[in-house]
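Single-structure report; data block below.
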Amino acid sequence: MAVTRTRAALAVQHDTLGAAHVTAVLGLEPTDAFEPGEAYARDSMTRSHSHWSLESPSAEPALEPQLRALLGVLAPHREALSALAQEGYRLTWTCFVEEDCGDGAVSLSAGLLAELGSMPVDLWVDSYADTAQD
Numbered sequence: 071m072a073v074t075r076t077r078a079a080l081a082v083q084h085d086t087l088g089a090a091h092v093t094a095v096l097g098l099e100p101t102d103a104f105e106p107g108e109a110y111a112r113d114s115m116t117r118s119h120s121h122w123s124l125e126s127p128s129a130e131p132a133l134e135p136q137l138r139a140l141l142g143v144l145a146p147h148r149e150a151l152s153a154l155a156q157e158g159y160r161l162t163w164t165c166f167v168e169e170d171c172g173d174g175a176v177s178l179s180a181g182l183l184a185e186l187g188s189m190p191v192d193l194w195v196d197s198y199a200d201t202a203q204d
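Counting with our numbering, you get residues 71 to 204 for the letters of the sequence shown.
In structure tokens, the structure reads:
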């Protein structure tokens with residue numbers, strides 16, 4: 071029993087300010103982005119907030135190397151991230167963890183946690199049970 075899949079990204083959201091502004095401030099192209107008011111779900115609903123995200127460039131299966139790779143990309147943009155936070159953007163390290171039948175654990179080193187905590191970004195870990203049978 072173990073963790074079967076992980077994914078890490080930086081998510082930046084705001085209720086009124088846009089994702090295009092995040093791209094301009096950071097000078098980085100997002101993996102995914104949308105603006106408030108955009109239609110989705112076959113045009114039956116509209117987005118209530120903007121969303122800008124950058125997935126980890128690491129193909130490593132473990133969460134720690136994925137987060138370290140994101141830090142490598144984003145550390146030079148620390149001041150820009152702080153400026154976005156001051157503008158009211160919500161910044162979050164988003165981590166997805168899938169566990170075999172809900173049985174698994176993720177460990178992050180104290181050094182990584184200190185590095186993550188030095189940036190104006192919250193940490194969110196979403197855990198799912200992989201219940202698929204072989």
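Every residue, glycine too, gets a C-beta built ideally from N, C-alpha and C. Please read all numbers here as calculations on a predicted model, not as lab measurements.
Runs of the beta strand (DSSP E) lying entirely within the region 156–186 and spanning at least 3 residues, in chain order: 160–170.
The straight-line gap separating the alpha-carbon atoms of Ala103 and Val143 is approximately 18 Å. For the 8 Å CB-CB criterion, Leu151 and Pro190 form a contact. With a cutoff of 8 Å on beta-carbon distance, Leu133 and Thr101 are scored as not near each other. For Leu141, the enclosing alpha helix (DSSP H) stretches over residues Leu133 to Leu144. Using a Cβ distance threshold of 8 Å, Leu87 and Ser120 count as a contacting pair. Assigned with DSSP and collapsed to three states, Leu87 falls in coil, not helix or strand. In this structure, the CA atom of Leu193 is about 22 Å from the CA atom of Asp200. Thr93 carries a helical assignment under DSSP once its states are collapsed to helix, strand and coil. The C-beta distance from Thr74 to Glu169 rounds to 7 Å, short enough to fall under 8 Å.
For Arg77, the CB contacts under 6 Å within the same chain, skipping 5 residues up- and downstream, are Phe166 in chain order.
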